[in-house]
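To keep things clear, I will list the structure first and then write my remarks on it.
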Amino acid sequence: MLLAGMPPSQGVSAKMDQTLNSRQQEKNRMTYDAVVRERKSTRGFLDKPVPRELVTEIIELACRAPSSFNNQCWNFSVVTGEPLNAIRTGNTEGILAGKPDSREFRTFTTVPDEHRGRQIEIAKQLFGAMGIERDDKEARQDWVLRGFRQFDAPVSIVVTYDKVLLGSDIAPFDCGAVTNALVNAAWSRGLGCVINSQGIMQSPVVREHANIPDDQVIMICVAMGWPDPDFPANAVYSHRKPLDETVRFVGFED
Ligand SMILES: Cc1cc2nc3c(=O)[nH]c(=O)nc-3n(C[C@H](O)[C@H](O)[C@H](O)COP(=O)(O)O)c2cc1C
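Per the numbering used here, the sequence shown starts with residue 67, numbered consecutively.
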């Protein structure tokens, strides 16, 4: 088959190149275990654009996630450039001006003790990697502000769900499933992500600049880009609680 606009010989070899390239890519694919075990949140990104086609491929893969009644209530707004900068600025300004958290879901007011311990652990790991001292208020504030700016990632994917499902806990559950699939799919393609609740703290700002349709509820955003290998916090590998504190087996003989 000829490719449009190319002389016959070139068309054939370009097509063969394409086939070889995609075979090579298939061969280079990470195993599921490697993706899941090696993925970590990325909080420092290279100043390098992410191709739209790659984001499309990742979202298509992520959408294989299961959902209740196969409702697929999720939707994605992929934001970059000026609208993303406007979100970063508006989110940060609102928080600094003391505007209340206006995320479109319920959250806790006080973190329970057993969970607070794990929150402190990851914070210590991140601050340790970044060389931020416990009493260095300025550096700590700078870190928090980075989070509100979605860690200056080149792309933000705002995950929303259909408003007709507002009030059901199933929709956030389904969004969680697809978001996990999304960050893993991105990692398998060499992209890093951080699921970023801070980035939607001022959700009206996100709604305005990402032009989120009125029939959608904002669930979360995912900051995405090429990981900066020299950014210290990117080396942080979070721990998981032991399995014997996580799992109960019931009715097994052994
Ligand atoms: C719903 C949700 C919201 C999160 N929000 C933030 C956030 O606002 N800022 C941040 O730095 N990380 C955020 N994270 C990332 C978690 O801190 C991270 O997933 C956790 O510490 C485990 O680390 P890992 O992703 O490297 O395995 C969020 C993760 C989830 C699932």
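For every residue, glycine included, the Cβ atom is placed at its ideal position computed from N, Cα and C.
For Thr-226, the pairing in a beta bridge is given by DSSP as Asn-141, Ile-284. Within 6 Å of the C-beta of Gly-110 there is not a single heavy atom belonging to ligand 1. Rounded to whole angstroms, Arg-89 and Leu-248 show a C-alpha spacing of 23 Å.
Secondary structure in the stretch 163-248: the alpha helix (DSSP H) runs of 4 residues or longer, each lying completely within the stretch, are 179-196, 203-214 in chain order. For Ile-278, the secondary structure class from DSSP, reduced to helix, strand or coil, is coil. Counting of Cβ neighbours within 10 angstroms places Val-271 among the buried residues, the total reaching 16 or more.
Ala-301 carries a helical assignment under DSSP once its states are collapsed to helix, strand and coil.
Around the Cβ of Met-82, a 10 Å sphere holds fewer than 16 other Cβ atoms; the residue is exposed. For Val-101, the uninterrupted alpha helix (DSSP H) segment begins and ends at 98-104. Distances between the C-beta of Val-260 and the heavy atoms of ligand 1 include at least one below 6 Å. With a cut-off of 6 Å, the C-beta of Lys-106 is classified as near ligand 1, since at least one heavy atom of the ligand falls inside that distance. By DSSP's assignment, Cys-259 forms a beta bridge with Met-290. In this structure, the straight-line span from the alpha carbon of Cys-129 to that of Cys-241 is close to 10 Å. Look at the beta carbons and you see the stretch 276-286 not touching the stretch 304-317: under three pairs across the two are nearer than 8 Å.
If you draw a straight line from the Cα of Arg-118 to the Cα of Val-145, it is about 10 Å long. Listed in chain order, the non-local C-beta contacts of Thr-108 below 7 Å within the same chain comprise Gly-258, Cys-259, Val-260, Pro-293, Asn-300, local neighbours out to five positions each way being set aside.
Distances from the alpha-carbon of Phe-171 to those of Asn-87, Thr-155, Asp-296, Ile-284 put Ile-284 closest.
Per the C-alpha coordinates, the member of Gly-265, Ala-289, Ile-125, Ser-234 positioned closest to Arg-169 is Gly-265. Annotation: Gln-268 to His-275 spans about 12 Å, alpha carbon to alpha carbon.
Contact annotation: the stretch 175-185 does not touch the stretch 224-233, with fewer than three C-beta pairs closer than 8 Å. Pairwise C-beta distances place the stretch 249-256 out of contact with the stretch 138-158, as fewer than three of them are shorter than 8 Å. Annotation for Leu-112: Trp-292, Asp-294 place their beta carbon closer than 6 Å to its own, counting only its chain and skipping 5 residues before and after. Remark: the C-beta of Gly-213 is in contact range of ligand 1, defined as less than 6 Å to any heavy atom.
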